[in-house]
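Each residue of the sequence shown is one higher than the one before, starting from 0 at the first, in numbering that gives the first Met the number 0. Glycine is no exception: its CB is placed at the ideal position from the N, C-alpha and C atoms.
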Amino acid sequence: MPAFIQWKYRQQGKDVLNHKRHFFDNSYEIIHVLSGSGNVVCGDKILPLEPANIYFIDSELPHMTVPSEHCEYIRSKIVIQKNEMNRLLTQIGDSTTIDTLFGTRGGNYFHLSGEANNRADGLFLSMKTDTTPMNLLKNVLDLFLLCKAATAAAPKNNYGAVDQLIGYVNNHFASNLTLDTLSKTVHTSKYYLCREFRKKTGMTINDYIKSVRILRAKKLLETTTDSVSEIALSVGFINFSHFSSAFKDSCGMPPSAYRKKAARPVS
């Protein structure tokens, strides 16, 4: 796998990963928003999606962007291997950058001033025009330095019950999760919780629960020899047929086919 998995400059409009929880193994993701509004869901945190914000995400953590209007959402993005980035930072004697930028829970964001925002855009443009590994690494390091200086400027948002619900589901997805149980857990009415959750994440609570379970099932299919039925039960599905149907709807293939594909060597 190359050090830089992907990068985009001023990508506009809908992306197949918008409103869809996903992750990349062994990688960091940096997103610079130039236009649009909405939210970024990262693990059990909801961050505001706003112009001049730059997001640092541990991509092994399930995450998704939830733009309010796809046509207005303009962003630049880069995904880089963790071991390459850590190696580079070790070489220059910097042992604090990753914790500062990515935070202790796998995701963080910073709001850039006008000058810093223009500088960040210029760094992504440089990555587009010169894709040599040395230039890409240099520009990523410059992004890190730019955002470390902007740490104090990052505004804080708290989505209360929705944040609590996401954290609870992420930690208890294998349990029997009902709307009654969830609303009591976060001490909020069912109606308010459903409305606010959809408003902030772009999906229903049930769809979110299903997405968490499917992501976990994919990981188990890739990394264990457990039977498909055992995996279905371990991630919270009450029967195999429901799991198989939900998995196929999400991934486009049955669980057994996904396992075979994941085990196939890349040519």
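- Under the DSSP assignment, E28 falls in the beta strand (DSSP E) whose first and last residues are 26-34.
- The three-state secondary structure of G166, taken from DSSP, is helix.
- In the three-state reduction of the DSSP assignment, I237 falls in the coil class, being assigned neither a helical nor a strand state.
- About 17 Å separates the beta carbons of G35 and H62, which is beyond the 8 Å limit, so they are not a contact pair.
- Only exposed fits E114, as fewer than 16 other CB atoms lie within 10 angstroms of its CB.
- In this structure, DSSP gives K19 a state outside helix and strand, which the three-state scheme calls coil.
- With at least 16 other beta carbons inside 10 angstroms of its own, S210 counts as buried.
- Per the Cβ contact rule, the segment 18-33 is in contact with the segment 72-79 (3 or more Cβ pairs under 8 Å).
- Counted as a single uninterrupted DSSP element, the stretch harbouring I91 is not any alpha helix (DSSP H), since DSSP gives it neither H nor E.
- Counting every other CB atom within 10 Å of its CB across the protein chains shown gives A148 a total below 16, marking it as exposed.
- Straight-line spacing of the CA atoms in F23 and K183 works out to 34 Å.
- DSSP places P132 in the uninterrupted alpha helix (DSSP H) bounded by 132-147.
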